[in-house]
Amino acid sequence: DKGGYKHFMAKEIAEQPTVLQGALAHYINAEGTNVTLPDPGLDFAKVERLTMVACGTAYLACMVAKYWFEQIAGLPVEVDVASEFRYREPPVTPGTVALFVSQSGETADTLAALRYMEGKAAKIVSVVNVPESSIARESDLPLPILAGTEIGVASTKAFTCQLTTLAILALKAAHERGKISSTELADKLSNLRALPGILNLALGIEERSSQIAAKLAEARDILFLGRGAMYPLAHEGALKLKEISYIHAEAYASGELKHGPIALVDQHVPVIVMAPTDALFDKTISNMQEVMARGGKVLLITDQQGAKIAGEGVWDTLIMPQIDPFLAPILYAVPAQLLAYHTAIAKGTDVDQPRNLAKSVTVE
Ligand code: F6R
244 DKGGYKHFMA
254 KEIAEQPTVL
264 QGALAHYINA
274 EGTNVTLPDP
284 GLDFAKVERL
294 TMVACGTAYL
304 ACMVAKYWFE
314 QIAGLPVEVD
324 VASEFRYREP
334 PVTPGTVALF
344 VSQSGETADT
354 LAALRYMEGK
364 AAKIVSVVNV
374 PESSIARESD
384 LPLPILAGTE
394 IGVASTKAFT
404 CQLTTLAILA
414 LKAAHERGKI
424 SSTELADKLS
434 NLRALPGILN
444 LALGIEERSS
454 QIAAKLAEAR
464 DILFLGRGAM
474 YPLAHEGALK
484 LKEISYIHAE
494 AYASGELKHG
504 PIALVDQHVP
514 VIVMAPTDAL
524 FDKTISNMQE
534 VMARGGKVLL
544 ITDQQGAKIA
554 GEGVWDTLIM
564 PQIDPFLAPI
574 LYAVPAQLLA
584 YHTAIAKGTD
594 VDQPRNLAKS
604 VTVE
């Protein structure tokens, strides 16, 4: 049942504030001061290394989480796509915790990677949407993301719920490793609890997204740029767009642009810059100006403050609510989803059942 929406994808995008609220209530105590995990949980003080493995959008959630775990918890993290990890057969050092992220919990490569880690990792944790799935059943600590059934082939609400669960884990790790105090933990958790309201506000960009999408639909190639934890979000934007609109899209770390891809830039290539105001904002904006100097059409996705600093000359701007930079990757999933959705609508492609794709990839 599409609940009055034209597509499951639209319904699932709109459901995000509600399902996120459920995930937050599941993992944060009623006082809002601490993280609650099932027993036996995970003592991050004893973890020496975190190895995260997944495919597709779930892999991009792991990429974001790498920035979080490293920056706030000081925990070394390795992230890999499951199809590479399983055949590379990497050595596993003692004290390594393996973490698998999967919406379906049945992705063949991710499951094989999990089985490779059995008996090698100190603990196997999974972040899954389907609690009775193989990946959940075969882990020591399965953590549900509580997104509810996701039907649209392009993952939306599962991605934001994966990120939310991983953000909570990273905060728990930071606290247990002595990197943040109990007060700082409670502050960050309180910011997280404000997220459903902010996501609701963010859904208000729908109309603007559809206007911009009408222009994007004309393009043959589109570039996405981001820096720090927004770099994986650039990848998510490109992946969503490719999947459902069939427009060729690529993501680059903003700083990589001048090492090759800037050669692609001309007036026919829209460049989507995902840049909330954060510590790296000025650097991203200077990369954006390099694109504009070469005639590139920049769509800047930022907040009010960022738009002011960036100044004139951009092709278009999409204004997002102001947010704690730590949580920006969760919020900026919304414009990635809405731009892809409306570009696909403008092109008339099948949003919920894109060609050549299956919801659950149970063969390698
Ligand atoms: C993209 C998408 C896929 C999945 C990937 C992993 O929108 O849905 O890239 O994220 O196939 O699937 P799960 O999470 O079920 O392991």
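Mapping to full-length UniProt numbering: the sequence shown position 17 is 260, numbers consecutive.
Cβ coordinates follow ideal geometry from the N, Cα and C atoms, glycine included.
The structure presented is a predicted model; accordingly, all values stated were derived computationally and were not measured.
Going by beta carbon distance, what residues of the same chain come within less than 7 Å of residue i, once the five residues before and after it are set aside?
i, result
"I441", "P564, I566 and L574"
"Q596", "V396"
Can you check which of these residues, the options, is closest to residue i by C-alpha distance?
i, options, result
"V514", "P334, G549, P475 and A462", "A462"
"L293", "L412, A379 and Q532", "L412"
"residue 641", "D323, D286, G284 and L570", "Since the first and last residues shown for the chain are 244 and 607, residue 641 lies out of range."
"A355", "T336, R331, G391 and L523", "R331"
"Q510", "R598, N272 and G539", "G539"
"A445", "V307, Q259, K249 and M252", "Q259"
"A457", "G338, T407, K245 and D559", "D559"
"V467", "P281, T392 and A576", "First, the residue type needs correcting, since residue 467 is Phe and not Val in the sequence shown. Selected option, being the one with the closest Cα: A576."
Between which two residues does the beta strand (DSSP E) holding residue i run?
i, result
"S369", "K366 to V371"
"K540", "K540 to D546"
"S345", "T339 to S345"
"G469", "D464 to G469"
"Y495", "H491 to A496"
Can you give me the C-alpha to C-alpha distance between residue i and residue j, rounded to a whole angstrom?
i, j, result
"K526", "M295", "28 Å"
"A417", "I423", "6 Å"
"G471", "G503", "19 Å"
"H269", "L507", "46 Å"
"V344", "E499", "27 Å"
"E579", "V516", "The sequence given here places Ala at residue 579; Glu does not occur at that position. In a straight line, the C-alpha of A579 is about 11 Å away from that of V516."
"S453", "T592", "15 Å"
"M306", "P572", "11 Å"
"R358", "P385", "14 Å"
"E479", "M252", "15 Å"
"K289", "I505", "44 Å"
"P319", "G362", "21 Å"
"A553", "Y495", "20 Å"
"D430", "T279", "16 Å"
Please list the terminal residues of the continuous alpha helix (DSSP H) segment that includes residue i.
i, result
"I515", "It is not in any alpha helix (DSSP H) - I515 instead sits in the beta strand (DSSP E) that spans P513 to M517."
Consider the C-beta atom of residue i and the heavy atoms of ligand 1; say whether any pair is separated by less than 7 Å.
i, result
"S345", "yes"
"S424", "no"
"L543", "no"
"G591", "no"
"T408", "no"
"V604", "yes"
Cβ of residue i versus every heavy atom of ligand 3: is any distance shorter than 7 Å?
i, result
"A579", "Summarising the ligand content, the structure contains ligand 1 and does not contain ligand 3."
Going by beta carbon distance, what residues of the same chain come within less than 8 Å of residue i, once the five residues before and after it are set aside?
i, result
"I490", "L459, A460, A462, R463, D464, I465, L484, T586 and K590"
"V557", "M531, M535, V541, L542 and L543"
Excluding the five sequence neighbours on either side, which residues of its own chain have a C-beta within less than 6 Å of the C-beta of residue i, listed in chain order?
i, result
"L523", "R470 and G471"
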